[in-house]
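Undergrad:
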Amino acid sequence: MYGWKERVADKLSRILSDSPPPSSSSAAAVELSSDPDHSARPLSKEEPHGTGKSLTSYIYSFVPNVSLDGYKSNKRRHDLRPFRSLSNKWRSKTSSPKDKPLECDPEHIPPCDSAEIMGKSEEERNMRASVKKTSTPHLPVDYVSNLMDKSSFISSDLYDFLQSSLPNIVTGCQWVLLYSTLRDGISLRTLLRKSVDLPGPCLLIVGDMQGAIFGGLLEGPLKPTAKRKYQGTHQTFVFTTIYGQPRLFRATGANRYYYLCLNDFLAFGGGGNFALCLDEDLLQGTSGPCDTFGNLCLAHSPEFELKNVELWGFTHSSKYVT
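1 is the number of the first residue of the sequence shown in UniProt numbering; add one for each residue after it.
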């Protein structure tokens, strides 16, 4: 738009550079004509046409806004326009994070964010450590909520195993320690008498001196017979822990020799051997394979010394007192 004005100004500058320096009045006219607010105006009577002053004024009256300073300033504005457009781009709200350069300087990370991240990681580590400490495979008996008494044998794993093996009639019941040799003395007759306190299924749990835990399910109250007469139902079973994990042996159906209860001994199974047999003093016992349950030896050896004997009953009431 200003191309012809720029050419005229360029030629004018050359003419003026070759001509002698203008007088003070001519310089004033040039300065006046270079004023942006100055516009084209007709020649006054005081400016004769024959002087250099009037010629300069006459030419600048047609191009009032063009000067060397203005040309240079316009050129600078055009040269800086790309840089201003780039700066405006970064300031624009519509610019996406992808347009901005990546900054890896850690000083650009706000202190609050880094502290928050560190706090979360530390809290997470503490939480994991606490979970690791509390998730032990064998919890004490105190953590088994359904046991109303302490046991020298039952861990949380064994409790879960036995609870899943019991008949449905005792599901959700409280476990009551009817008899324990550590608490009630070593006597089979005392065990038989204590079994009367709670009717229904009862669980016999014994252990040998080598650390094996085993036993079986009986029907209470236990009723000793004068002769060897088998009792029990197909729900009777025996179990042991000597194979690393608790293992259950249920009735195979080969016979109905579930258990014998006499005043001088208590035995599970039959056909070949007793799966488990205890004497009247509850000090010695035997175990071997039998046809009734298809089991192996429940203890570390066929003949063993008893460490403890416990008989557990089941009740829906939490107010039971032994």
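Ideal Cβ positions, reconstructed from N, Cα and C, are used throughout, including at glycine.
How about T292 and A267: are their beta carbons less than 8 angstroms apart?
TA: As a position in the sequence shown, residue 292 is number 292, starting the count at 1. As a position in the sequence shown, residue 267 is number 267, starting the count at 1. No, they are not a contact pair.
Undergrad: Relative to the C-alpha of E303, which residue among G285, N168, C290 is closest?
TA: In the sequence shown, the residue the question calls residue 303 occupies position 303. Cα-wise, what sits closest to E303 is G285.
Undergrad: Would you kindly report the start and end of the unbroken alpha helix (DSSP H) that includes Y259?
TA: Residue numbering aside, residue 259 sits at position 259 when the sequence shown is read from its first letter. Note, Y259: premise wrong, no alpha helix (DSSP H); beta strand (DSSP E) at 259-261.
Undergrad: Given a cut-off of 8 angstroms, decide if I205 and D281 are closer than it, judged by their beta-carbon atoms.
TA: As a first step, residue 281 is located in the sequence shown; it is residue number 281 there, counting from the start. As a first step, residue 205 is located in the sequence shown; it is residue number 205 there, counting from the start. No. Outside cutoff.
Undergrad: Can you pull the DSSP bridge partners for D279?
TA: Within the sequence shown, numbered from 1, the residue matching residue 279 stands at position 279. Paired residue(s): F265.
Undergrad: In the DSSP assignment, the alpha helix (DSSP H) including R247 goes from what residue to what residue?
TA: For the purposes of this step, residue 247 is identified with residue 247 of the sequence shown, where counting begins at 1. Segment 247-250 is the beta strand (DSSP E) holding R247; no alpha helix (DSSP H) there.
Undergrad: Would DSSP call I169 helix, strand or coil?
TA: Residue mapping note: residue 169 aligns to position 169 of the sequence shown, counting from 1. Helix.
Undergrad: Near C261, what residues of its chain come up, given a Cβ to Cβ distance below 7 angstroms and the 5 sequence neighbours on each side ignored?
TA: As a position in the sequence shown, residue 261 is number 261, starting the count at 1. These residues qualify, in order along the chain: L222, K223, P224, T225, Q231.
Undergrad: Within the same chain, show all residues whose beta-carbon is closer than 7 angstroms to that of F161, passing over the 5 residues directly before and after it, in chain order.
TA: The sequence position of residue 161 within the sequence shown is 161, counting from 1. Counting only Cβ-Cβ distances below 7 angstroms, and skipping sequence neighbours, we find P246.
Undergrad: Would you identify the three-state DSSP class for F161, choosing helix, strand or coil?
TA: Numbered from 1 along the sequence shown, position 161 holds the residue referred to as residue 161. F161: helix per DSSP, three-state reduction.
Undergrad: Going straight from the alpha carbon of C290 to that of G271, what length do you get?
TA: Locating residue 290 in the sequence shown gives position 290, counting from the first residue. Locating residue 271 in the sequence shown gives position 271, counting from the first residue. Approximately 5 angstroms, taken between the alpha carbons.
Undergrad: Can you look up V141 in the DSSP assignment and give me helix, strand or coil?
TA: Counting from 1 along the sequence shown, the entry for residue 141 is found at position 141. Residue confidence is low: V141 scores 43 on pLDDT, short of 50, so the model does not pin down where it sits. Its coordinate-derived value is still stated next. Looking at V141 - three-state DSSP - the assignment turns out to be helix.
Undergrad: Using DSSP's beta-bridge definition, name the partner residues of C202.
TA: Along the sequence shown, read from residue 1 onward, the residue named residue 202 stands at position 202. Per DSSP, L218.
Undergrad: State buried or exposed for T233, treating a residue as buried only when at least 16 other CB atoms are found within 10 Å of its CB.
TA: For the purposes of this step, residue 233 is identified with residue 233 of the sequence shown, where counting begins at 1. T233 is exposed by the Cβ-count criterion.
Undergrad: Please classify S195 as buried or exposed, where buried requires at least 16 other C-beta atoms within 10 Å of its C-beta.
TA: Stepping through the sequence shown from its first residue, residue 195 is reached at position 195. Under this definition S195 is a buried residue.
Undergrad: Which residues bound the alpha helix (DSSP H) around K194?
TA: Against the sequence shown, residue 194 aligns to sequence position 194. Note, K194: alpha helix (DSSP H), 188-194.
Undergrad: Span of the alpha helix (DSSP H) holding R181?
TA: Residue numbering aside, residue 181 sits at position 181 when the sequence shown is read from its first letter. Per the sequence shown, the amino acid found at residue 181 is Thr instead of Arg. T181 -> alpha helix (DSSP H) spans 181-184.
Undergrad: When the Cα of G253 is compared with those of T241, Q235, E219, which residue comes out closest?
TA: The residue given as residue 253 occupies position 253 in the sequence shown. The shortest Cα separation from G253 among T241, Q235, E219 belongs to Q235.
Undergrad: Would you mind working out which of D157, R7, L177 sits nearest T315, comparing C-alpha positions?
TA: By 1-based counting over the sequence shown, the position of residue 315 is 315. It is L177.
Undergrad: With the cut-off set at 8 angstroms, would you say D184 and E305 are in Cβ contact?
TA: Here residue 184 is taken as the residue at index 184 of the sequence shown, counted from 1. Here residue 305 is taken as the residue at index 305 of the sequence shown, counted from 1. For D184 and E305, no; Cβs fall outside 8 angstroms.
Undergrad: Starting from the Cα of G244, find the closest Cα among A299, N308, Y259, Y257 and give me that residue.
TA: Within the sequence shown, numbered from 1, the residue matching residue 244 stands at position 244. It is A299 whose Cα lies nearest to the Cα of G244.
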